[in-house]
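Protein sequences appear in the order of chains E and X. Per the UniProt record's numbering, the very first residue in the first sequence carries number 1; after that it's consecutive. Per the UniProt record's numbering, the very first residue in the second sequence carries number 1; after that it's consecutive. We treat Cβ as the ideally placed atom computed from N, Cα and C, and that holds for glycine. All values reported here derive from a predicted model rather than from experimental measurement. What follows is a single structure, written as structure tokens, with notes after it.
2 protein chains.
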Amino acid sequence: MSPKPRATDVKDRLVEAAIRLLDEGGPEALQARKLAAEIGVSTMAVYTHFGGMAALVDEVARAGFVKLSACLAEVGETADPVADIFGMARTYRQAVAEQPQLFAVTFGQSAPGGKRATLSDLTTEEGRESAREGLEAFGHIVRASERAIAAGRFRPVDPYQAAAQLWSALHGFVTLEASGHFGPGEQGIDHILIPLGITLAIGLGDTVDRAERSAETAKAAWRARNGNTGQGGND
Amino acid sequence: MSPKPRATDVKDRLVEAAIRLLDEGGPEALQARKLAAEIGVSTMAVYTHFGGMAALVDEVARAGFVKLSACLAEVGETADPVADIFGMARTYRQAVAEQPQLFAVTFGQSAPGGKRATLSDLTTEEGRESAREGLEAFGHIVRASERAIAAGRFRPVDPYQAAAQLWSALHGFVTLEASGHFGPGEQGIDHILIPLGITLAIGLGDTVDRAERSAETAKAAWRARNGNTGQGGND
DNA sequence: GCGGATGAATAACTCGGTTATGTCATCCAG
DNA sequence: CTGGATGACATAACCGAGTTATTCATCCGC
Numbered sequence: 001m002s003p004k005p006r007a008t009d010v011k012d013r014l015v016e017a018a019i020r021l022l023d024e025g026g027p028e029a030l031q032a033r034k035l036a037a038e039i040g041v042s043t044m045a046v047y048t049h050f051g052g053m054a055a056l057v058d059e060v061a062r063a064g065f066v067k068l069s070a071c072l073a074e075v076g077e078t079a080d081p082v083a084d085i086f087g088m089a090r091t092y093r094q095a096v097a098e099q100p101q102l103f104a105v106t107f108g109q110s111a112p113g114g115k116r117a118t119l120s121d122l123t124t125e126e127g128r129e130s131a132r133e134g135l136e137a138f139g140h141i142v143r144a145s146e147r148a149i150a151a152g153r154f155r156p157v158d159p160y161q162a163a164a165q166l167w168s169a170l171h172g173f174v175t176l177e178a179s180g181h182f183g184p185g186e187q188g189i190d191h192i193l194i195p196l197g198i199t200l201a202i203g204l205g206d207t208v209d210r211a212e213r214s215a216e217t218a219k220a221a222w223r224a225r226n227g228n229t230g231q232g233g234n235d
Numbered sequence: 001m002s003p004k005p006r007a008t009d010v011k012d013r014l015v016e017a018a019i020r021l022l023d024e025g026g027p028e029a030l031q032a033r034k035l036a037a038e039i040g041v042s043t044m045a046v047y048t049h050f051g052g053m054a055a056l057v058d059e060v061a062r063a064g065f066v067k068l069s070a071c072l073a074e075v076g077e078t079a080d081p082v083a084d085i086f087g088m089a090r091t092y093r094q095a096v097a098e099q100p101q102l103f104a105v106t107f108g109q110s111a112p113g114g115k116r117a118t119l120s121d122l123t124t125e126e127g128r129e130s131a132r133e134g135l136e137a138f139g140h141i142v143r144a145s146e147r148a149i150a151a152g153r154f155r156p157v158d159p160y161q162a163a164a165q166l167w168s169a170l171h172g173f174v175t176l177e178a179s180g181h182f183g184p185g186e187q188g189i190d191h192i193l194i195p196l197g198i199t200l201a202i203g204l205g206d207t208v209d210r211a212e213r214s215a216e217t218a219k220a221a222w223r224a225r226n227g228n229t230g231q232g233g234n235d
């Protein structure tokens with residue numbers, strides 16, 4: 001490991017450089033030759049380590065998914081599961097807003113959740129066990145939904161279906177915002193994303209009052225966490 | 001009519017052929033040479049009429065928006081605005097399910113040739129044009145929201161915000177389904193999309209009972225409109 | 001009828017992913 | 001210790017696809 005570390009981690013450095021080039025120069029900067037030049041190797045490295053650009057891009061997409069999953073995971077679990085859901089929505093959106101190019105690739109190649117298990121599995125008893133393993137990021141939302149149900153905040157619906165609804169809404173907002181449909185900056189959060197979350201919470205069984213309080217709780221936690229003045233903690 | 005009468009509608013035929021090739025062969029089939037061969041002209045036609053493949057792809061994306069807008073428009077307005085919203089959700093989803101490749105381009109998820117992917121489109125004239133078409137489709141949802149508010153089904157919130165919430169959820173579902181996460185066929189509709197719509201309607205102020213009845217009304221109308229086998233005809 | 005403008009074809013150019021081939025270092029058999 | 005095998009990597013060529021240059025034909029206004 002230590003004596004000759006450089007040789008094998010060319011693979012990791014390629015992915016790093018790919019993400020950096022992608023963030024800085026958009027999809028057009030993600031080229032085998034630029035990539036190789038960036039870390040001082042030849043284009044062959046792409047082929048010895050990945051077999052081609054497509055596989056490298058897949059790896060980049062996977063890196064985005066891993067990041068999303070990590071973001072959701074570090075929200076943690078408090079006594080207020082609905083506030084936790086708002087927290088997850090904020091981190092998810094924040095991650096995508098900070099690296100729109102990366103997540104454009106991530107969402108373009110394979111949506112978060114990976115390809116091994118689909119949500120259709122979640123609607124059948126058999127599929128759920130394997131889905132638990134496969135859909136790691138989605139699992140965080142499922143668990144939060146379970147906790148919300150257990151706490152009496154949500155009606156006793158299927159937590160997988162509740163999570164699928166939450167995920168659809170969150171993903172849709174984030175996607176549309178990244179396309180520029182909700183304007184620049186943070187305004188989309190307060191005007192659309194949070195109201196959307198409140199709407200969903202109410203629709204899933206929460207009271208208007210408690211849903212709004214959870215949204216406030218999450219906002220306060222978010223500010224405390226990001227040392228925020230109430231505006232852009234962007235990159 | 002004459003041997004070479006309507007030379008100018010080569011432009012329209014190019015877009016038609018592009019959509020056809022896209023649907024049949026995916027993004028990789030969307031090439032200047034194949035496109036030109038398809039309608040029996042040279043690749044130069046792409047440049048005289050569009051200036052390049054990028055602009056042609058923009059036009060294809062715009063065609064997707066137009067189709068979505070048309071789908072939403074033909075749902076019409078009944079006495080039950082919430083049922084109309086469910087109807088719009090079904091047609092929106094149906095259109096995307098029938099031409100996933102086209103709408104992958106429209107939504108900017110897929111980048112034919114590895115080109116353009118994100119919000120930098122708004123800096124180009126064609127990109128703004130696409131955005132405008134998107135807003136037109138969005139307008140249908142806004143009007144339905146206004147009617148739901150006027151009918152006392154939704155609380156008197158800002159109809160634009162309500163519509164943005166509905167659109168986010170719908171778009172997210174459709175996007176994730178197109179990525180294969182809700183499995184093949186129609187199961188995602190009954191298990192996720194319709195419950196999601198009911199959740200949103202309730203959260204926006206509707207009663208559980210009325211929301212569910214509107215969902216049923218829309219389902220019945222949908223069946224009457226298409227084959228009533230319960231399985232919407234996929235292409 | 002004449003001349004520019006428009007549209008289109010042929011073919012060449014460029015760029016970028018890929019492949020072919022050779023070299024060098026590492027590792028292991030003997 | 002040595003020699004062959006393995007595998008990462010460089011150089012350079014290959015090829016497909018977008019683009020551009022040039023030329024030709026047709027149409028329209030004078």
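Sequence-distant residues of the same chain with beta carbon closer than 7 Å to residue i, five excluded per side
| i | result |
| --- | --- |
| A45/E | V10, L14, A36 |
| I202/E | V208, A211 |
| L68/X | Y92, A95, A137 |
| P159/X | V142, S145, E146, I149 |
| Q99/E | D23 |
| G26/X | Q101 |
| I198/X | A211, E212, A215 |
| K34/X | L21 |
| E129/E | Here E129/E scores only 46 on pLDDT, less than 50, and its place in the model is too uncertain to base an answer on. |
| P156/E | I149 |
| T217/X | D80, A83 |
| C71/X | T91, Y92, A95 |
| V41/E | V10 |
| A63/E | V15, I19 |
| R225/E | none |
| F182/E | L176, G188, I192 |
| A151/E | P81 |
| A163/E | F138, I141, V142, S145 |
Neighbour list for residue i in chain E, Cβ cutoff strictly below 9 Å
| i | result |
| --- | --- |
| L102/X | Result: empty, since nearest Cβ-Cβ is about 15 Å, beyond 9 Å. |
Chain-ordered neighbours of residue i on chain X, where CB pairs are closer than 8 Å
| i | result |
| --- | --- |
| A55/E | Here the premise fails: no neighbours, minimum Cβ distance about 14 Å. |
| H191/E | Q161, A164 |
Close-in-space but distant-in-sequence residues of the same chain around residue i (CB under 6 Å, 5 per side omitted)
| i | result |
| --- | --- |
| E38/E | A17 |
| R153/E | V82, D206 |
| E177/E | G188 |
| T43/X | A32, R33, A36 |
| M88/X | L72, V75 |
| G233/E | Summary for G233/E: the model assigns pLDDT 43, below 50, so the residue's position carries little reliability; its value from the coordinates is reported in the next sentence. Closer than 6 Å at Cβ, skipping near neighbours: N226. |
Cross-chain neighbours of residue i in chain X, by beta carbon under 9 Å
| i | result |
| --- | --- |
| G172/E | W167, S168, A169, L170, H171, G172, F173, V174, T175, L176 |
Beta-carbon neighbours of residue i, restricted to chain E and to distances below 7 Å
| i | result |
| --- | --- |
| T199/X | Q165, L200, G203, L204 |
| P195/X | Q161, Q165 |
Distance cut-off 8 Å: residue i Cβ against heavy atoms of the ligand FMN
| i | result |
| --- | --- |
| D80/E | You won't find the ligand FMN in this model; it holds no ligand whatsoever. |
Contacting residues, own chain, Cβ-Cβ under 8 Å from residue i (five flanking each side not counted)
| i | result |
| --- | --- |
| G51/E | none |
- Query: Do three or more CB pairs link the stretch 162-178 of chain E to the stretch 164-172 of chain X at distances below 8 Å?
  - Reply: With the cut-off at 8 Å, the stretch 162-178 of chain E and the stretch 164-172 of chain X touch.
- Given a limit of 7 Å on CB to CB distance, which residues of the stretch 35-62 of chain X reach chain E? Residues of the stretch 35-62 of chain X that bring their beta carbon within less than 7 Å of a beta carbon in chain E are absent altogether.
- Which of the residues in the stretch 209-225 of chain E, read from start to end, lie with their CB under 7 Å from any CB of chain X? The residues in question: there are none.
- Could you name each continuous alpha helix (DSSP H) segment of 4 residues or more that falls completely within the stretch 155-209 of chain E, going from the start of the chain to the end? Counting whole runs of 4 or more residues, the stretch 155-209 of chain E contains the alpha helix (DSSP H) stretches 159-178, 194-203.
- Members of the stretch 147-163 of chain X that neighbour chain E once the beta carbon cut-off is set at 7 Å: Within the stretch 147-163 of chain X, Q161 place their CB atoms closer than 7 Å to a CB of chain E, listed in sequence order.
- Would you list, in chain order, the members of the stretch 65-84 of chain E that have their beta-carbon closer than 7 Å to a beta-carbon of chain X? Residues of the stretch 65-84 of chain E with a Cβ closer than 7 Å to any Cβ of chain X: none.
- Item | Start-end ranges of the beta strand (DSSP E) lying completely within the UniProt domain "HTH tetR-type" (8-68) of chain X, minimum 3 residues | Listed in chain order, there is nothing to give.
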